[in-house]
Amino acid sequence: MAPTLTGVASNARVQRIRAVAALAGVELNYDDSFTFASDWKNEEFLKKNPFGFLPVLELEDGTVLRESGAIAEYVAELGPNSTLIPSDIKEKAQVHAYQCTADQEIHIPGGIVTGQMNGRYPYNKAVQQTIIDKINSRVAVLDQILLNSTFLVGERITLADIFIVTSLLNIFYSWYDASLRAKYPNVVRLVETVTKNPKLAPVFSKAPQFVEKFPSPPAPAKEKKAEKPKAEAAPKAPKAPKAKEPEDEEEEPLVPAEPKVKNPLDDLPKSAFNLEEWKRQYSNLDTRTGALPWFYEKFDKDGFSIWKVDFKYNDELTAVFMSNNQIGGFFNRLEASRKYLFGSVGVLGKANDSLITGILILRGQDVKPVVEVAPDYESYEYKRIDLENAEDKSFFEGALAWDLVVDGKEWADGKNFK
Ligand SMILES: N[C@@H](CCC(=O)N[C@@H](CS)C(=O)NCC(=O)O)C(=O)O
């Protein structure tokens, strides 16, 4: 049986392995509908690969290979007469050098820029620019090298080209925009030569578009609602549209290909409570005087449920902004449940003495089908909120109004999942 590759089709690390297999003539079992939203990081998987990351290649004898670079080399070596890895040891070392450049100088720093844009890492403009400048300086060298040669090493496509191209694709999909690409025409030509190779059509045909404009930086944290004048129910300014955020996981492009799968939550009996309308009311009205009265009038407790959500490891929290970014990361990873979920979660307290808590309003009566799309959902505890209970109700209202106080700790910052 052919080796089985597991990983997301739009992921550059998976693309590099599939491209090598296609060019080397090696058959792989591969399911291109696999997503990070599936329950992949389970006990069985961690037994096979305790590092817990993807992609992995499972061989017929049960051996599990990890690290996309090592897997790509293994697959290339399997190919009959593959020239993807030169036999000359000097050229082989040159190819390997480009593999390292691809990972260390483009893919990994590029992933940090992407992570800053989608809230996985704290956003800092100066740090981001420094990383972008460094990547540009490497791309400029590649562009010079490619001025007079079609491929990076020798006269044929090698792992060097495949690794450099797939690491570039990762940033071309996310933030390396048209004006940056225009500076390096020879590099863009190499990307086109590789991605348009007819043998590689199954690998790149469903790939996302290259980004045209550098995405806007993440919106600053929402102002503390408690500080707003409460009497006026003045409409809030509508939020500027944000760059679409990744489904999940490290270094995923900002605009991944998202295969649509039917969710059993869609089969629940229809509800008169319109979650999208609630999200609009919450955004546009003062919480206590406008949004909450609307909510109490319309809420359907048979079609939806309300949950208190608590981070389990509050003693590990340090700076408030980092904890708030962590909430942002959790919310990013809940993206696949956006239709079924609203959330208001905050950091209460101060640096090194804080907790993360809040509320979720979700479709159905069970929290798990909605939150398990986020691989870290088990880092949080969920407890049903009963609005008939005065204490629960006051917690619910405080979390929505961002003026909640728990154990003397005041709401410091927060995020909404809308
Ligand atoms: N160096 C590894 C990195 C693998 C990696 O970080 N994979 C990400 C997806 S791009 C992942 O599985 N992240 C989940 C996790 O780290 O828990 C490789 O090239 O295979």
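Oh and the sequence shown: position 144 is 150 in this note's numbering, straight run, nothing missing. Every residue, glycine too, gets a C-beta built ideally from N, C-alpha and C. Remember, it's a predicted structure, so these values are computed and weren't measured experimentally.
query	result
Coil, strand or helix - Lys212 by DSSP	coil
Residues that Glu416 bridges to, as DSSP identifies them	Val411
Distance between Trp46 and Lys53 (C-alpha atoms, nearest Å)	12 angstroms
Tyr386 vs Lys276 beta-carbon contact at 8 angstroms	no
Asp272 versus Tyr346: straight-line alpha-carbon distance, rounded	9 angstroms
Where the alpha helix (DSSP H) containing Phe336 begins and where it ends	326-339
Entirely enclosed alpha helix (DSSP H) segments - the segment 117-205, minimum 4 residues	131-151, 165-178, 184-188, 191-201
Leu60 CB to nearest heavy atom of ligand 1 below 7 angstroms	yes
Pick from Ile367, Ser211, Leu158, Pro270 that is closest to Glu282, judged by C-alpha positions	Ile367
Endpoints, the beta strand (DSSP E) within which Gly349 is located	347-356
Extent of the continuous beta strand (DSSP E) run through Tyr388	386-390
Validate contact between the segment 139-150 and the segment 67-83 using beta carbons, cut 8 angstroms, 3 pairs	no
Phe57, DSSP secondary structure in three states	coil
Reduced DSSP secondary structure (H/G/I, E/B, other) of Leu29	helix
Residue nearest to Gly370 in terms of C-alpha spacing, selected from Asn358, Arg390, His102, Gly68	Arg390
Inter-residue Cα distance where the pair is Gly404 and Phe336	21 angstroms
Beta-carbon spacing of Thr164, Ile91 below 8 angstroms	yes
Ile170, buried or exposed, once every other Cβ within 10 Å from all chains shown has been counted against 16	buried
With 16 other Cβ atoms within 10 Å as the buried cut-off, status of Glu238	Confidence at Glu238 is low in this model, with a pLDDT of 41, below 50, so its placement is unreliable and the value that follows should be read with caution. The residue is exposed, with fewer than 16 neighbouring Cβ atoms inside 10 Å.
Beta-carbon spacing of Gly364, Val351 below 8 angstroms	yes
Endpoints, the beta strand (DSSP E) within which Gly75 is located	Taken as a continuous stretch (DSSP letters only), Gly75 belongs to no beta strand (DSSP E), being part of the alpha helix (DSSP H) at 74-84.
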